[in-house]
Every structure is written in C-alpha cells, then in structure tokens.
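Residue numbers are given in the UniProt record's numbering: position 298 of the sequence shown equals residue 298, and the series is strictly consecutive.
Okay, structure first, notes after.
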Amino acid sequence: MDITSLPDPTLSFSLPSIHDGTSLDCRIYLPPSILAALSSPPSPISPLSLSPSSAGLPLPWQGNAAVVAHPYAPMGGNYNDQIVRLLTKTLLTGTPTSPPYVVATFNFRGAGHSNGRTSWTAKPETADYMTVAGFVSYFAHYLEPGTPKALNPKLLCCGYSYGALVTSLLPPVAAVLAPFVRPLRSAPAAEVRRRAARWAAVQNADFSACREAAEAAAKAAAKKTEREEKEKRLGTPPSSTSPKKARLSMGIRVGTADDDLHHHNHHNHHNSPRRSHDVAALKHMLSPSPRRSFSADHRLGEGRSSKDMARENDKTHHGVAGLLAKVRHRSEDVHSHDESKEEGEHLSVVELPVVQPAYLMVSPPVGLASNLATMSVSLPLFKRKERALSGDDDEGAAERKLSSNPTLVVYGDADAFLSSKKIRQWTAKLAEESKASSSTTSSSSNTNLNKPAFESLEVATAGHFWAEGRTLYELQAAVAVYVASLGA
1 MDITSLPDPT LSFSLPSIHD GTSLDCRIYL PPSILAALSS PPSPISPLSL
51 SPSSAGLPLP WQGNAAVVAH PYAPMGGNYN DQIVRLLTKT LLTGTPTSPP
101 YVVATFNFRG AGHSNGRTSW TAKPETADYM TVAGFVSYFA HYLEPGTPKA
151 LNPKLLCCGY SYGALVTSLL PPVAAVLAPF VRPLRSAPAA EVRRRAARWA
201 AVQNADFSAC REAAEAAAKA AAKKTEREEK EKRLGTPPSS TSPKKARLSM
251 GIRVGTADDD LHHHNHHNHH NSPRRSHDVA ALKHMLSPSP RRSFSADHRL
301 GEGRSSKDMA RENDKTHHGV AGLLAKVRHR SEDVHSHDES KEEGEHLSVV
351 ELPVVQPAYL MVSPPVGLAS NLATMSVSLP LFKRKERALS GDDDEGAAER
401 KLSSNPTLVV YGDADAFLSS KKIRQWTAKL AEESKASSST TSSSSNTNLN
451 KPAFESLEVA TAGHFWAEGR TLYELQAAVA VYVASLGA
C-alpha cells in the first residue's frame, strides 16, 4: 500500500498572494468521509445518532482545516512532494478519536505553476503561506456538508523542510488572519475571501444536490420494493411486455456546471476551478458509469409502461434542469451575498469562530542549510541578539506560538540538511518554555493540560528525505499519533 498516494484534489485554483498579488497555484482536498457519505444512499439509522468511537467509525468532519507547505523550490520542491502527500493523506483520514481535516496545499512563488521567484528572505513566502491559511479558514467556515462543526475548529499549519522553516516564521494565528478581517475591496486579501466564499458555495450546491439525489433514489427503491411485495401478495406476475431499459440521454455534457460558473471568474480568467468528480453531484446524476452507488438499482424500464417511462423521463429532465439552476443560483447567491456586504472601500467583517492553532514541522533545516536557503533567515532562537538590538519582537511572537500551542517537530538524526546539535538545542529550549507556560497558565489552547504543548521526535537513521528503511512509516505513525492527540 502506497502511504503517499492521494485522490485527485477537490479543487485546483489560484490565489493572489497578500504580499504582492503574485498568483499562487493551490489545491483543496476534502476528506474522503465527506465524499463517501454524499455518494451513498441515506442509511435508515443516521450515523450521527451513533457514537463514532463505539461504532469504530471515523469522526465526521467538524470544521478543522490544515495547510501543508513544500520544500525549497530551487531544489525541485513543490506540492507534489512525497512528504507533502504523506502529511496530506494522514490529515484527510479521520479516526474514532480525531476528525479529519480539509487540507490545502500550494506552490510557493517560483514553484510549479505559481508565478514569481523564490526570495532571499522568506518574507514573501511567509505571506504566501498566510494567503492560503486565510483562504482555507474562510472556505471551511462557509463549507456546509451537513455535519455539525466544532465551536472552535482547529487550524493546523504544517510544513516539510523549507516549508517547515516558513511555518516556524508565521506570526500567531490572530496576525495570520488579521489581513482578511476588513480588507480593502481592491486588495488581494479581499479577493482571497471572495474566492473562498465562491468555491465553498459551489461545493455546498454539490452537497445539496447529492443529498437530494440520494433521497430520491432511496424513495424510488422503497416504492419499487413496496410494489414488488404487493404483486407477490396478490400473485400478479411482473409485466413481461415492458420495453427495454431506458437510458437517459439529456444532451448535457458532464462538467457543464463549471462552464455555467464562468462569469464568476471576471477577476482572473486563470482561476477556473477543476473540481474532482468525487463531489460533483450532477456528474453522479448524469454519468452512465456504474460508480453511482445511490442510483445503481434504479431501473427505469422495469415493470413500467411506455407512458410511465415517458412521464418518468420527463420528470428526470426537469429534475436535472432544476439541479443545474440550483448550482448556478446557490453559487450566485452566496457570492452576491458576500459582495453585498461590501460598503465603501472595505469588505465587511465576517464572524469566524475562534480557531485553535496547532503546528507540525517535519525536518526543519536548522543551521547552515537554512542560512544558505534564505541568506538571512534562521529559526527564531538564533536571532535573539538581533531582536534585542532592534526592538523587533515579531520573531519572538513566532517562537512563542510554538511553545504555547500544540506543536510537533519530527526530524531524523541522519539528516545532512540540518545541524543535529542546533535542532536539539532549539527543541529542548521550546520544550522548557512549553513546560513553564503550561504550569503557569490556567487556561490554554492545548487540549491536554497535563503535558507541554510542544513535542519533538528524533527518528534514528532517518535522513532528510525519509528514504532509509521504514523511516517513512515511522514518520507517518508519529504524525497520526500527534493528530489523534489533538482530539475533536
């Protein structure tokens, strides 16, 4: 089993960086549990009425979101990196004690199809990361798949290699989201918010259409069963003159819902979403593929007269037309609703829930490699003297966020891209600060007050690329345990 394999992304799109408007290539992955639930007929017993832990089922999505950042672009890093895929896959899979995450991956400037070039300071890349974090926070807020959300959902900021370095440089979560609170209408942050509302509306229309289609199929199946039981009681043989099974041919190309939404892209014609077939409700209805589990048993021609079939066909035509109209209308409605709040030069404030931040860093390049990569940036511990002289405490806040919120750093003791001595010093210091913080603070965002928020794990024989023996599996296990520890 390939532990780094991923499904197709649910959304592929671009975002303007809040640093300078540079176009960034982005992806959104929805948890498989959401997609599976939407493509299956409703159960007589709602899964929400059962305890997932007692039933051995993964928890449903509860509003949690994550961002995963990739390695250094000039060395070939992008969002297709193996470790990025492993982290993404682990976060998408929920457990009986830990709900899944909606995951965003992206290419930093200069990587993949993103515009621009890699900077020498990592400051533009930090803004790139904040751009995607802002998007996924608003996207998760608007998303309504039909499952209840937590009052304080989690925002998990992850990174591997250079991506871990940028994760360490992020300001506290309040500062990450601050540019999106009331941005200028013409600012990149405002466009990020608009796109979050827009694509969430598209997904919500899909969710609604899937539910309606599944319910209709379940009702049709129930009626068929009732009819067969009645015929059996009366001893009436099934009709032998029924015509051949009808195949719907509605003349609608699969995927036209995306074309219908083309008018949303007047800000950026490169921003057309390439949505996965897994959640496209109309594709479920229109495709003749046997993958449609909710309609595989719906036989239009069985036991029906030609007149009945024609009437059923006509109803289906109208139903699909109605679904297309709903996709257009609901997307337009949410999008226009978001823009209708724009008074004057700024977007209005959207009341987001207070998120619980958490951090995951894999193989952060501490030491010489980080200085070579950015020419001026290293992890916060090694710039204290500079901060003391300049009075700038931005990096102090970046360091404190790691010791005061759930954080896991995983690295290998055979990593040639970091200094083992320096990373041990850095992690030991953050662990001490975390212990002090947990013992003196009565209330904390950490879900387990009996242990420090900060944790680190050194994996024996693991190199920077996690290719030695079973080290890749050890990394996956460590990440899974950490995510489970975050709980619901």
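Beta carbons are placed, not taken as given, at the ideal position from N, Cα and C, and that holds for glycine.
Since this is a predicted model, take the numbers as computed values, not measurements.
- Under the DSSP assignment, residue 359 falls in the beta strand (DSSP E) whose first and last residues are 356 to 362.
- Here residue 415 is not bridged, per DSSP, to any residue.
- When the Cα atoms are used, residue 130 and residue 218 turn out to be separated by approximately 44 Å.
- Here the C-alpha atom of residue 399 lies approximately 10 Å from the C-alpha atom of residue 433.
- In terms of Cβ geometry, residue 464 and residue 168 do not form a close pair [threshold 9 Å].
- When the alpha-carbon of residue 124 is set against those of 152, 23, 360 and 411, the nearest one is in 23.
- The stretch 471 to 487 and the stretch 91 to 100 touch, with three or more beta-carbon pairs separated by less than 8 Å.
- In this structure, the straight-line span from the alpha carbon of residue 59 to that of residue 199 is close to 24 Å.
- The secondary-structure analysis by DSSP pairs residue 13 across a beta bridge with 26.
- By the C-beta density criterion, residue 117 is exposed, having fewer than 16 other C-beta atoms within 10 angstroms.
- Contact check for residue 102 against residue 28 passes: the beta carbons are separated by less than 9 Å.
- Distances from the alpha-carbon of residue 25 to those of 7, 8, 66 and 78 put 78 closest.
- The C-alpha of residue 126 lies about 11 Å from the C-alpha of residue 164.
- Beta-bridge pairing by DSSP links residue 456 to 409.
- Short of 8 Å from the beta carbon of residue 74, and not among the five residues preceding or following it, lie these beta carbons of its own chain, in chain order: 110 and 118.
- For the pair residue 357 and residue 154, the CB atoms are nearer than the 9 Å cut-off.
- In this structure, the alpha-carbon of residue 112 lies about 12 Å from that of residue 71.
- Shown here, residue 230 sits in a helix according to DSSP, grouped into three states.
- Per the coordinates, the alpha-carbon of residue 121 lies some 21 Å from the alpha-carbon of residue 426.
- Taking the CA atoms as reference points, residue 406 sits about 22 Å from residue 472.
- A residue is called buried when at least 16 other Cβ atoms come within 10 angstroms of its Cβ; residue 192 meets this threshold and is buried.
- Taking the Cα of residue 474 as reference, the smallest distance to any Cα among 33, 362 and 351 is reached at 362.
- In terms of Cα proximity to residue 65, the closest of 94, 81, 80 and 408 is 94.
- In chain order, 349 place their CB closer than 7 Å to the CB of residue 181, counting only its own chain and leaving out the 5 sequence neighbours on each side.
- Fewer than three Cβ pairs drawn from the stretch 174 to 189 and the stretch 78 to 88 lie within less than 8 Å of each other, which leaves the two stretches out of contact.
- Closest option to residue 147, judged by alpha-carbon separation, among 137, 228 and 34: 34.
- A distance below 9 Å separates the beta carbons of residue 360 and residue 158.
- Residue 190 and residue 431 have their C-alpha atoms some 38 Å from each other.
- Nearest Cα to residue 207 within the set 454, 175, 143 and 166: 143.
- Residue 92 and residue 367 have their C-alpha atoms some 32 Å from each other.
- One Cα belongs to residue 229, the other to residue 213, and the distance between them is close to 24 Å.
- With 16 or more other Cβ atoms from the protein chains shown falling within 10 Å of its own Cβ, residue 10 counts as buried.
- Per DSSP, the continuous beta strand (DSSP E) segment holding residue 159 begins and ends at 154 to 160.
- Using a Cβ distance threshold of 9 Å, residue 354 and residue 137 do not count as a contacting pair.
- Residue 106: member of the beta strand (DSSP E) spanning 102 to 106, first to last residue.
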